[in-house]
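Residue numbers (the working numbering): -8 to 302.
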């Protein structure tokens, strides 16, 4: 008799764009409160989970993942171990991750991996927590993980992990210009704090509590790309552009060649250009590729982590 094939579960979860990002004053604990409008976009990570005695992860797909850790510091492994610990599951899991979200680009690829792993292992192990039971675990793993689980469009406050869904209509078209620059998130925040200290007289005191502007919420609610282009904002952009001045040229190029607006996504260095149609997206991508700038096309909003296959 041939051995019974092992059951596998494949789950996909989306990357995200921070359409709006406001950063509050530096707190005594070294953190900032933030207010963000997240949009999940059609760049998906796929996690396939297979039963195993130990915990392991490997990567495939079009994104170069040679620099990613495969030990306990990997967020997907951390997610699987957290679920096992909380539910008393005693086995392990072998994870294979098909990567499509750029690494270290401010688009939440690692968080998508963690969210997809939670859903895949919950299904594979029969632990039965479901989405509502997984949300608290997602929040423990990182600020962007609950959003990758939920998807859609949402306001994030606190550290970005206190989510409330935002009404969104229609589809928005994005061109994501990728950069090989490595920008570390702590360095970008540090540069923002420095900038604020230097220009304190002009900028005035920074508020402790920050919120998402009404104009942005209104733009996604009516599905109007022109209004969203005017309302998009990222407090971290000034710091990212200071650390990587060449991103300024990239923003100017996109905005002069058909983009309604461009924004540094999260802490960068990915630039998200909002365009008004699929055709405009294809044309802008052509412009960028002729300049040897790697880019991807995506639409949003899309749903969060979903089971694609279980057998």
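Just so it is clear, CB atoms sit at the ideal spot from N, CA and C, and this is done for glycine as well.
None of these values were measured; they are calculated from a predicted model.
Helix, strand or coil for residue i, going by three-state DSSP, please let me know.
i	result
residue 170	coil
residue 147	strand
residue 4	strand
residue 37	strand
residue 189	helix
residue 13	strand
residue 280	helix
residue 80	coil
residue 24	strand
residue -8	Because the pLDDT at residue -8 is just 46, under 50, the model does not fix this residue reliably, and the value given afterwards should be weighed accordingly. Here residue -8 sits in coil by DSSP.
residue 68	helix
residue 286	strand
residue -1	coil
residue 304	For residue 304 there is no data in the structure shown, the boundaries of the chain being -8 and 302.
residue 32	strand
residue 292	coil
residue 88	strand
residue 42	strand
residue 97	coil
residue 181	helix
I need the boundaries of the beta strand (DSSP E) containing residue i, first residue and last residue.
i	result
residue 197	No beta strand (DSSP E) contains residue 197, which DSSP labels as neither H nor E.
residue 48	46 to 51
residue 156	153 to 156
residue 300	297 to 301
residue 262	262 to 266
residue 255	252 to 255
residue 59	Counting along the chain, residue 59 falls outside any beta strand (DSSP E), and DSSP gives it neither H nor E.
Run the CB neighbour count on residue i, radius 10 Å, all protein chains shown included, and call it buried at 16 or more, exposed below.
i	result
residue 294	exposed
residue 68	buried
residue 88	buried
residue 1	buried
residue 79	exposed
residue 282	exposed
residue -8	Interpretation of residue -8 is limited by its pLDDT of 46, a score under 50 that renders its predicted location unreliable; the figure taken from the coordinates is listed afterwards. Under this definition residue -8 is an exposed residue.
residue 285	exposed
residue 81	exposed
Report the option in the options whose CA atom is closest to the CA atom of residue i.
i	options	result
residue 159	29, 13, -1	29
residue 218	196, 117, 8, 204	204
residue 99	23, 116, 245, 133	133
residue 179	21, 275, -3, 233	233
residue 120	257, 302, 74	74
residue 278	166, 255, 252	166
residue 291	255, 241, 211	211
residue 207	201, 221, 195	221
residue 101	124, 137, 25	137
In the DSSP assignment, find the unbroken alpha helix (DSSP H) run with residue i in it and report its ends.
i	result
residue 228	228 to 234
residue 113	100 to 116
residue 121	121 to 132
residue 213	205 to 213
residue 217	216 to 222
residue 245	237 to 247
residue 139	136 to 141
Do residue i and the ligand FAD come close, with the Cβ less than 6 Å from some heavy atom?
i	result
residue 300	The ligand FAD is absent from the structure shown, which contains no ligands of any kind.
Any contact of the region 258 to 270 with the region 44 to 61, i.e. 3+ C-beta pairs under 8 Å?
no
Quiz item: Is it a yes or a no for the region 235 to 251 touching the region 183 to 195, going by three-plus beta-carbon pairs under 8 Å?
Solution: Below 8 Å, too few C-beta pairs join the region 235 to 251 and the region 183 to 195 to call them touching: fewer than three.
_Whether or not the region 15 to 30 and the region 144 to 156 are in contact is what I'm after, with contact meaning three or more pairs of Cβ atoms, one per stretch, closer than 8 Å; do they touch?_
yes
Is there contact here, the region 34 to 42 with the region 77 to 92, by at least three beta-carbon pairs under 8 Å?
yes
If we count Cβ pairs, one from each stretch, closer than 8 Å, do we get three or more for the region 37 to 46 versus the region 111 to 122?
yes
Inset, instruction - Answer yes if the region 285 to 301 comes into contact with the region 3 to 22, meaning at least three C-beta pairs across the two stretches below 8 Å, and no otherwise. - result: Verdict: yes, contact present.
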